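Start counting the sequence shown at 32; every next residue gets the next number (our numbering).
The beta-carbon is built from N, C-alpha and C at its ideal position, and this holds for glycine as well.
Here the structure is a predicted model, which is why all the values come from computation and not from measurement.
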Amino acid sequence: MPPGEPANRPDGEGSVSDEQWAEIVRQAESGGADAPKEPSARARMVTARLRALDEEAAAGRRRGRKNRPAEPWQPEGWRTGPTWQETHGRARKRRRLAAVLGFVVVVAILVITMRPGLLTDHLPGGGDSADTGPVAGPAGVADADRPTPEEPFRGSPALHWADGAAGIELPEAAATGGMSKDEVEHALRATRQLLIAANLDPATLRGEKPDEALGLLDPLQEGERERLERSLAEPSEELDPLMLFTRFDSEEARLAGDVVKTRGRMTFGAGAAGSVEVHTDYTFVYPLVKPGGDEVARTIVRRKLTTALHDPERFAATRGKLSVVSSQQNVGNTDCETYDGFLHPSFPSDSPHPGPAGPGVDPYDRNEWQPDGSCGKLTRT
C-alpha cells in the first residue's frame with residue numbers, strides 16, 4: 032500500500048464512533064476490558080533498542096559469506112519465554128535420555144571392568160585368556176598405578192580377581208573311573224584344600240612347615256612324601272619344595288595385607304580303573320613388602336597340579352588321601368638362580384642388576400606356559 036494512501040475499509044469501519052468510544056471508557060471505569068494505552072517511555076525505549084540491535088545484526092555480517100535475513104535479537108526468556116522453555120524442556124528430555132543411556136553403558140563397563148569373569152567365564156576356557164592390564168599413558172600414570180600397602184593390587188589386572196580361596200571353585204561332581212559321585216566330590220574338595228594349604232595358608236607363606244598340606248597326601252604313595260619332607264629340610268634345585276608350596280623368607284618379604292588374588296579352573300576325569308584324577312591350573316598373585324617397609328612388589332605364581340584319589344580295594348592307597356600325579360609352576364618376580372626353598376621377589380628400590388635376556392613374559396597371560404627351567408624377564412607384575 033503506497034505511503035499516505037488511505038486504507039480501503041467497508042463503510043463504518045474507517046474510524047471509532049462516539050458511541051464506541053463511550054463504551055470503551057465505560058468498560059475501563061467498571062473494570063472491564065483494558066482501554067488502549069499509549070506505550071510508556073520505557074517501552075518505547077526498549078522497542079527502539081531492539082530495532083537498533085536488529086539493524087546492527089543485519090549490517091554486521093562477515094564479509095565473504097552469503098547474507099541471510101537477520102534474525103531479530105531477543106532477550107532470553109522475555110519475548111519468547113514460553114517457546115524457549117518448551118524448546119529447553121525438549122532438549123532437557125533428550126539430555127536426560129542420553130544420561131540414562133550413558134549411565135547404563137558406564138555401569139556395564141564398570142561391571143565388566145570389576146568382574147571380567149562375568150563375561151570371560153561364559154566363553155570357552157573361561158578365565159584363561161590373557162587379561163588386559165594398565166596401558167601406558169601420559170606422564171604421571173605410572174605413579175597413579177603404583178601399588179601401595181593400602182592398595183597393593185593397584186595397576187594389576189588381579190585387582191578384579193577373586194580373593195584367596197573364593198577363586199578356587201569346584202566343578203559339579205559325577206561318577207567316573209569306577210569312583211562314585213561322592214568319592215569324586217571328596218577328591219575335588221581335598222584337592223581344593225591342598226591348594227589352599229599349599230598356596231594361601233599364612234603359615235605356609237611365612238616359610239613354616241606346611242603340615243596341613245602334607246596331611247592331605249597319601250603316605251603310601253611311593254617316595255612322594257619322603258621327597259617332599261627332604262625338599263623342605265634340604266632344598267636344592269633337584270629337591271625344590273616350591274614345586275608344590277609357595278613360601279617366602281619372612282625376614283625378607285611378607286604379605287602386604289591379608290589378601291592373595293586367585294584365578295584358574297579345576298576339572299576332573301577318569302584315571303586308571305578305580306581312580307579319579309583332578310586337574311587344576313591356578314594363578315596366585317602375592318603383594319609383598321619388606322619388613323618395616325612400605326614399598327610393594329608382587330610375585331605371581333601359576334601352578335598346574337594333578338592329583339588322584341585311588342580305590343584302596345584296587346591300589347596300595349590310603350582311603351581318602353590324595354596322590355600327586357604331576358606338579359608344575361611358573362613364577363614371576365623371583366630370583367631364578369636361588370634354590371633355598373623360598374621365593375625371592377625384587378622391589379623397585381633394589382639395586383639394579385642385569386636381568387635375563389630374551390623376550391618379555393607376561394605372568395598374567397594364561398594362554399602361555401613357559402618351559403620348565405626357563406628364566407626370562409617380565410613385562411609387568
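Item: Classification of Asn-398 by the beta-carbon crowding that lies within 10 angstroms, buried from 16 upward; Value: exposed
Item: The segment 295 to 308 in contact with the segment 328 to 345 per 3-pair CB rule at 8 Å; Value: yes
Item: Range covered by the alpha helix (DSSP H) that runs through Ser-262; Value: 255 to 264
Item: First and last residue of the uninterrupted beta strand (DSSP E) at Lys-335; Value: 327 to 341
Item: Three-way DSSP call (helix, strand, coil) for Lys-240 in this model; Value: coil
Item: Beta-carbon separation (whole angstroms), Asn-364 vs Ser-377, contact threshold 8 Å; Value: 6 Å
Item: At least three beta-carbon pairs within less than 8 Å, the segment 271 to 286 to the segment 296 to 303; Value: no
Item: Inter-residue Cα distance where the pair is Glu-282 and Asp-213; Value: 43 Å
Item: Inter-stretch contact at 8 Å, needing at least 3 Cβ pairs: the segment 174 to 194 / the segment 317 to 336; Value: yes
Item: Burial state of Glu-265 (16 or more Cβ within 10 Å); Value: exposed
Item: Per DSSP, the bridge partner or partners of Pro-318; Value: Arg-329
Item: Backbone secondary structure at Leu-201 - three-state DSSP; Value: coil
Item: Supposed close pair Leu-353, Leu-248 - CB separation, criterion 8 Å; Value: 6 Å
Item: Beta-bridge pairing of Arg-350 - partner residues as DSSP gives them; Value: Arg-350 is not bridged to any residue.
Item: Nearest candidate by alpha-carbon position, reference Asp-232, set Thr-330, Val-290, Leu-259 and Val-215; Value: Val-290
Item: Host beta strand (DSSP E) of Arg-294 (start-end); Value: 292 to 301
Item: His-310 - DSSP class collapsed to helix/strand/coil; Value: strand
Item: N- and C-terminal bounds of the alpha helix (DSSP H) containing Asp-289; Value: Segment: none, Asp-289 is in no alpha helix (DSSP H) and carries neither H nor E.
Item: Option nearest Leu-201 by Cα separation, candidates Ala-244, Asp-371, His-191 and Glu-216; Value: Glu-216
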